[in-house]
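Asker: Can you keep this structure in mind? I'll have questions shortly.
In the working numbering, the protein residues as written are 469 to 651.
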């Protein structure tokens, strides 16, 4: 019998930077009561959450590894703060053609190979690293944004993999690191 679970695909930043982002999220929770972003590690989404039979998770990982043969590691920069309206605050990801190629490839792979529905975010991709969303009170938005800007978080690194994350007990947990092909 199928055991449908929620998964998504994302790039995780270097561990030390991810810890800095987590610490920022914790301070936003303490200062402003904003906690929803703590349900997932610092990440840049490649494929929004989707339902998949957890009994076939191993096959999914193997299919993703095979898919990756056409993609090699690439540089990425995260700097600055931006927002989607007054509801989502995030760290900006510099436009990197290889990131968009990977995301588009995963979009097509998800549709054709996994028979997943296309989401609006699949076709209108805006890479970012969320630090606060959903539970931001309108009157606190400017103060929260100022606090995030003051943190001054930024990093340049080489992306060599992405992760399959799974929702477990309401939290998103990395399950498998999937490496890009070395050239």
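Backbone N, C-alpha and C define an ideal beta-carbon position, used for all residues, glycine too.
I'd like to check one pair, residue 542 with residue 627: are the Cβ atoms closer than 7 Å?
Answerer: Contact: yes.
Asker: With the cut-off set at 7 Å, would you say residue 500 and residue 608 are in Cβ contact?
Answerer: Cβ distance < 7 Å, so residue 500 and residue 608 count as in contact.
Asker: CA-CA distance, residue 526 and residue 533?
Answerer: Computed Cα separation, rounded: 11 Å.
Asker: Specify the secondary structure class of residue 536 as computed by DSSP and reduced to three states.
Answerer: Correct three-state label for residue 536: helix.
Asker: Using a 10 Å radius around the Cβ and a threshold of 16 neighbouring Cβ atoms, would you call residue 491 buried or exposed?
Answerer: Residue 491 is exposed by the Cβ-count criterion.
Asker: In three-state terms, what does DSSP make of residue 639?
Answerer: Note: residue 639 maps to strand in three-state DSSP.
Asker: Would you kindly check if the distance between the Cβ of residue 633 and the Cβ of residue 505 is under 7 Å?
Answerer: Against a cut-off of 7 Å, the Cβ pair of residue 633 and residue 505 comes out as no contact.
Asker: Just curious, the alpha helix (DSSP H) that residue 578 is in, first and last residue?
Answerer: Note, residue 578: alpha helix (DSSP H), 565-580.
Asker: Compare the beta carbon distance of residue 485 and residue 623 with 7 Å and say whether it is the shorter of the two.
Answerer: Cβ atoms of residue 485 and residue 623: closer than 7 Å.
Asker: By how many angstroms is the C-alpha of residue 544 removed from the C-alpha of residue 471?
Answerer: Their Cα atoms are separated by approximately 36 Å.
Asker: Indicate the three-state DSSP secondary structure (helix, strand or coil) for residue 503 in the structure shown.
Answerer: Here residue 503 sits in coil by DSSP.
Asker: Contact defined as beta carbons within less than 8 Å: I believe residue 640 pairs with residue 522. What is the distance between those atoms, to the nearest angstrom?
Answerer: The Cβ separation is near 14 Å, so there is no contact.
Asker: Should residue 594 go down as buried or exposed, given a rule of 16 or more other Cβ atoms within 10 Å for buried?
Answerer: Burial call: exposed.
Asker: Under a Cβ-count criterion, where at least 16 other Cβ atoms within 10 Å of its own Cβ denotes burial, should residue 476 be classed as buried or exposed?
Answerer: Flag for residue 476 reads buried.
Asker: Does the Cβ-Cβ distance between residue 578 and residue 483 come in under 7 Å?
Answerer: No, they are not a contact pair.
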